[in-house]
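Colleague: Before anything else, here's the structure in question.
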Amino acid sequence: MSIEGKVWKFGDNVDTDLIIPARYINVSEPSELARTCFIDIMPEFSSNVSPGDVLVAGRNFGCGSSREHAPLAIRESGIRVIIANSFARIFYRNAFNIGLPLLESAEAADQLQAGGRVLVDLAAGRIESLDTGKVFSARPIPDFMQKLITDGGLVAHIRKRTTMRS
Amino acid sequence: MPMTITEKILALHSGRDSVSPGDFIEAKVDLALAHDVTGPIAIKMFYDTGVRNVFDRRKIVLVADHFVPNKDISAAQQVKRLREFAREQNLDYYFEGGEAGICHVILPEKGLVAPGQVIIGADSHTCTYGALGAFSTGVGSTDLAAVMATGEIWLKVPPTIQVNYTGARGPWVCGKDLILKTIGILGLDGAHYCALEYTGDAVKGLPMYQRFSMANMAIEAGAKNGIIEADETALNWLAGRSTSEPLILRSDPDARHEKRLTIDVDELEPQIAFPPSPADVRPLSGVDKITLDQVFIGSCTNGQIEDLSDAAAILKGKKTARGVRLIVIPGSPWIYRKAIEEGIIRIFLDAGAVIGPPCCGPCLGGHMGILAEGERAVSTTNRNFIGRMGHPKSEVYLANPYVAAASAVLGRIAGPEEL
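Going down the list, the sequences are from chains A and B.
Convert by adding 21 to the 1-based position in the first sequence; the result is the number in my numbering.
Convert by adding 1213 to the 1-based position in the second sequence; the result is the number in my numbering.
Below is the structure:
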């Protein structure tokens, strides 16, 4: 699957309170969550992001709370993939579980510029800057996670398993 | 094969003789937890799996603790969903109202946690139970839904970082300071995907409530779990609370630790984490005059009865500074009652504090003490990210209960020695 979109750029240690502040998680409807995504650090994000856009961040993206509202809000806002130097572990699980793929590449995280255009081949882990032509390769997604994605996320994975058993 | 305590627990729960860091395993779960924020999504995902009944109604705990007493209609709807699900599934453990407190305080207090267990909770501070020698970690709602459906979870076995605390703590130095110091050294992702194993004489000498603070904040260094081997202190604490048979496991002397770190606590002062990072940690003596608008004592990090009595010992016979709002929230109804019986609540009230009902309170900026633009607070909680307790331009300084109490009296960040 390939994704082409605009880059939204963030720094290191973007925590879940910055992705969606706790005062907005008294609801769980994804479309409502998307409205307040990044409201404290980038208030223009939710109204300007387009489906297919790509989020690029530094180290430890999604650290802090376990709230799945964070990847839900990002996915629902239209972002199709997040590229970062590294991800906090609960965020990493949550994103794959809900079908939001993540790629790790320190070089891409460093060199892709805000507002630039990027082309991402998820299966190959290939990231291309359409502005500079530079190509980056992401760390391969572990086989176990690949299987989750192939099954369509964790819920579908479980559904498949329980159906097979019965 | 030599293993760490974390590896031993995971091997036992996945039916293997041994596991190594990086192995993907499916582990059996002894206890699963969700609350009013993460529960409703987990419930929806649970039914989406097609499974009709939870794997074991005695092993799932739901606690309404974040936005309770219900702060608005949306929060009330979320709690209602939690309550309905508990009834639908006939769960043994659903805590709300006068039975509820902060989940990470309630679960050990009710005897639901035992050494050697695997505990999975849809809350990042689920790592708290590692203080009792359990493997416990936080996950999101979908992971929890899968646990409720199958009783198992997929995990990648984490490498272990062992932190050895040596020496003797000075007065006013708590487990909170040991962990703040550790996070300051490691950074917000210094224990990324790792198990943090706390050991050494200084940890063995810590009372249980301060061990909970240490395990609780493992996540702030990016760790998967924080763990302390259960010893006599832990077993004494469990006696009369837990009826489960404890499974006492220890790291082998030749177990592989990815990293070993030694922290000498002899010279350690109370530590302050500056906003907006729990890893920007400085010794109290290095803090300039920082005036305050609010002080909060409570949370899953420092909401135990002894945390409150430590703060009360400082506040006894004193008043909070003019212009400072002191908010105290006991971690559970049992703690609240005990604090009344022991005269602790009276000390807080005499000092001018507001006492809140057991809940997460202002820790996550939900309600019960939100900060306005430009306001500053000292808090005994675990996070001080931008906007964590209110306005994005408010500031939160993390500290232990002694420092929080002294700061409330002086109206600026200060230690008890200044009183």
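For glycine and all other residues, C-beta sits at the position ideal for the given N, C-alpha and C.
Note that the structure is predicted; figures quoted are calculated from it, not measured.
Would you say residue 19 of chain A lies against chain B (beta-carbon separation less than 7 Å)?
Modeller: Because chain A in this structure spans residues 22 to 187, residue 19 of chain A falls outside the shown range and cannot be described.
Colleague: When the cut-off is 7 Å and only beta carbons count, does residue 89 of chain A lie next to chain C?
Modeller: In the structure shown, chain C cannot be found, because the protein chains are A and B.
Colleague: If I follow the unbroken alpha helix (DSSP H) through residue 1397 of chain B, where does it start and stop?
Modeller: Run containing residue 1397 of chain B: 1388-1399, per the alpha helix (DSSP H) assignment.
Colleague: With a cut-off of 7 Å, does the C-beta of residue 175 of chain A fall near any C-beta of chain B?
Modeller: Output row for residue 175 of chain A: interface = yes.
Colleague: Given a cut-off of 7 Å on the beta-carbon distance, is the pair residue 1288 of chain B and residue 1298 of chain B in contact?
Modeller: No, Cβ-Cβ distance for residue 1288 of chain B and residue 1298 of chain B is not below 7 Å.
Colleague: I'd like the list of long-range same chain contacts for residue 90 of chain A, defined as Cβ closer than 6 Å, with 5 residues on each side in sequence excluded.
Modeller: Hits under 6 Å: 41, 46 and 54.
Colleague: Hey, is residue 1403 of chain B's beta-carbon within less than 7 Å of any beta-carbon in chain A?
Modeller: Output row for residue 1403 of chain B: interface = no.
Colleague: Using a Cβ-Cβ cutoff of 7 Å, what residues of the region 92-125 of chain A are near chain B? List them in chain order.
Modeller: Residues 107, 109, 110, 111, 114, 115, 118 and 119.
Colleague: For residue 29 of chain A, write down the residues that DSSP places opposite it in a beta bridge.
Modeller: Partner(s): A:76.
Colleague: In whole angstroms, give me the CA-to-CA distance for residue 1585 of chain B and residue 1510 of chain B.
Modeller: So the alpha carbons of these two residues sit roughly 18 Å apart.
Colleague: When you compare the CB of residue 1265 of chain B with every CB in chain A, is at least one pair closer than 7 Å?
Modeller: No, no contact with chain A.
Colleague: So what does DSSP say about residue 1292 of chain B, is it helix, strand or coil?
Modeller: It is helical.
Colleague: Please compile the residues from chain B whose C-beta is within a distance smaller than 9 Å of the C-beta of residue 79 of chain A.
Modeller: By Cβ distance, chain B contributes nothing, its closest Cβ being about 10 Å from residue 79 of chain A, past 9 Å.
Colleague: Taking the beta carbon of residue 121 of chain A as the centre, do at least 16 other beta carbons fall within 10 Å, making it buried, or is it exposed?
Modeller: Result: buried.
Colleague: Go ahead and pull the three-state DSSP assignment for residue 1248 of chain B.
Modeller: In the structure shown, residue 1248 of chain B sits in a strand (DSSP, three-state: E or B).
Colleague: Going by beta-carbon coordinates alone, are residue 1351 of chain B and residue 1336 of chain B separated by less than 7 Å?
Modeller: Result yes, Cβ atoms of residue 1351 of chain B and residue 1336 of chain B sit closer than 7 Å.
Colleague: List the endpoints of the continuous alpha helix (DSSP H) containing residue 38 of chain A.
Modeller: Note, residue 38 of chain A: alpha helix (DSSP H), 37-40.
Colleague: Taking only runs of the beta strand (DSSP E) that begin and end inside the region 1565-1620 of chain B, which ones reach a length of at least 3 residues, in chain order?
Modeller: Whole beta strand (DSSP E) segments, 3+ residues: 1589-1592 and 1608-1611.
Colleague: For residue 1496 of chain B, which beta-bridge partners are listed by DSSP?
Modeller: For residue 1496 of chain B, which the question treats as bridged, DSSP gives the partners B:1484.
Colleague: Does residue 58 of chain A come within less than 7 Å of chain B when only Cβ atoms are used?
Modeller: Chain B, which has no Cβ nearer than 7 Å to the Cβ of residue 58 of chain A, makes this no.
Colleague: For residue 1558 of chain B, does the count of other Cβ atoms within 10 angstroms reach 16, so buried, or fall short, so exposed?
Modeller: It is buried - the Cβ of residue 1558 of chain B has at least 16 other Cβ atoms within 10 Å.
Colleague: Return the first residue and the last residue of the alpha helix (DSSP H) that residue 1229 of chain B is part of.
Modeller: That residue, residue 1229 of chain B, is in no alpha helix (DSSP H); it is neither H nor E in DSSP.
Colleague: Rounded to whole angstroms, how far is the Cβ of residue 1374 of chain B from the Cβ of residue 1409 of chain B, which I believe are closer than 8 Å?
Modeller: That belief holds up - the Cβ atoms of residue 1374 of chain B and residue 1409 of chain B are roughly 6 Å apart, short of 8 Å.
Colleague: Along the chain, where does the alpha helix (DSSP H) containing residue 1549 of chain B start, and where does it finish?
Modeller: That run of the alpha helix (DSSP H) goes 1546-1554.
Colleague: Got a sec? Which residues, its chain only, sit under 7 Å from residue 136 of chain A by beta carbon, not counting five neighbours each side?
Modeller: Only 27 and 28 meet the Cβ criterion.
Colleague: Run through DSSP, which three-state label would residue 1354 of chain B get?
Modeller: Of the three classes helix, strand and coil, the one that applies to residue 1354 of chain B here is helix, per DSSP.
Colleague: What number of angstroms, rounded off, separates the C-alpha of residue 1368 of chain B from the C-alpha of residue 1527 of chain B?
Modeller: Spanning the two alpha carbons is a distance of roughly 44 Å.
Colleague: Let me know if residue 1578 of chain B comes out buried or exposed under the rule of 16 or more other beta-carbons within 10 Å of its beta-carbon.
Modeller: Counting Cβ neighbours within 10 Å, residue 1578 of chain B comes out buried, since at least 16 surround it.
Colleague: Nearest-angstrom Cα distance between residue 1608 of chain B and residue 1456 of chain B?
Modeller: Cα to Cα, the separation comes out at about 43 Å.
Colleague: Taking CB distances under 7 Å as the criterion, tell me whether residue 1488 of chain B reaches chain A.
Modeller: By this cut-off, residue 1488 of chain B is not an interface position.
Colleague: Return the residues of the region 47-72 of chain A that lie within a Cβ-Cβ distance of less than 8 Å from chain B, sorted by chain order.
Modeller: So the list reads 47, 48, 49, 61 and 62, given in the order they occur along the chain.
Colleague: For residue 113 of chain A, I'd like the list of residues in its chain whose CB is within less than 7 Å of its CB, leaving aside the five on either flank, ordered along the chain.
Modeller: Answer for residue 113 of chain A: 123, listed in chain order.
Colleague: So which residues on chain A does residue 1253 of chain B lean against when the C-beta distance must stay under 7 Å?
Modeller: Under the 7 Å cutoff, chain A gives 49.
Colleague: Using a Cβ-Cβ cut-off of 8 Å (strictly less than) and excluding sequence neighbours within five positions of residue 1458 of chain B, which residues of its own chain qualify?
Modeller: 1327.
Colleague: Taking 8 Å as the cut-off, does the region 1270-1277 of chain B touch the region 1379-1398 of chain B (at least 3 CB pairs, one atom from each stretch)?
Modeller: At 8 Å Cβ cutoff, the stretches do not touch.
Colleague: Under 8 Å, CB to CB, which of the residues in the region 132-144 of chain A have a partner in chain B?
Modeller: The region 132-144 of chain A vs chain B, Cβ under 8 Å: nothing.
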